[in-house]
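Position one of the sequence shown corresponds to residue 1276 (the working numbering), numbered consecutively onward.
Report on the structure given below.
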Amino acid sequence: MLEQKRLLGIDFGEKRVGIAITDPLRIFAYALVTIQNDNNFWKVFNQLFIDYDIETIVLGYPLKESGERSSSTDLIEKFKTELETHTKIPIVLIDERYTSVIAQQQVLESVTSKKKRRDKGLVDKNAAAIILKEYLESIN
């Protein structure tokens, strides 16, 4: 089986950005890293494109339970525009409703350390993995 370029999943937040990536065969999505959304963000983010062969970005798109735009939708659309400028690769938006709740539950179930359970970055990168997994399921 030939390796393919990878997909990168993003759970964007004003403070932190959760990042997930597929394996080279695009079978699994796994939590990779959480990047602080500060002045060093693009430097750290761009390094991912050096380290991994990324073909497509899957960006979580926040909608209300009703399917309407949420308060974060404009923020995500602005970030998508910045991503397009920085990466020049396709970006897919995918509904991220409930991904943070699911990720929080997964962390609670799998992490025994109380200190680690409070690590919001752990939830962010796991939410990115859920976004990416849902996208993989939708295209397969």
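Quick reminder that beta carbons are idealized off the backbone N, C-alpha and C, glycines included.
As the structure is a prediction and not an experimental result, all values here were calculated from the model.
- Task: Thinking Gly1284 and Ala1304 are a contact (beta carbons under 8 Å), I'd like their distance in whole angstroms, please.
- Result: A Cβ-Cβ distance of about 6 Å is found for the pair Gly1284 and Ala1304, placing them in contact under the 8 Å criterion.
- Neighbour-count burial assignment, Pro1337, 16 or more Cβ in a 10 Å radius: buried
- Residues bridged to Ala1295 [DSSP beta-bridge criterion]: Under DSSP, the beta-bridge partners assigned to Ala1295 are Gly1284, Ala1306.
- Please state if the CB of Leu1407 and the CB of Thr1309 are separated by a distance shorter than 8 Å. Not in contact: Thr1309 and Leu1407 (Cβ atoms no closer than 8 Å).
- Item | Nearest residue (CA-CA) to Ile1334, options Leu1300, Phe1324, Thr1356 | Here residue 1334 turns out to be Leu, not Ile, going by the sequence shown. The residue with the shortest Cα to Cα distance from Leu1334 is Thr1356.
- Proximity below 8 Å, CB of Ile1366 to CB of Ile1332: Going by beta carbons, Ile1366 and Ile1332 fall inside the 8 Å limit.
- Query: Anyone know if the C-beta pair for Ala1403 and Asp1286 falls short of 8 Å?
  - Reply: yes
- Return helix, strand or coil for Tyr1410, following the three-state DSSP convention. Tyr1410: helix per DSSP, three-state reduction.
- Task: Can you give me the Cβ contacts of Trp1317 inside the same chain, cut-off strictly under 7 Å, excluding the 5 residues immediately before and after it?
- Result: His1361
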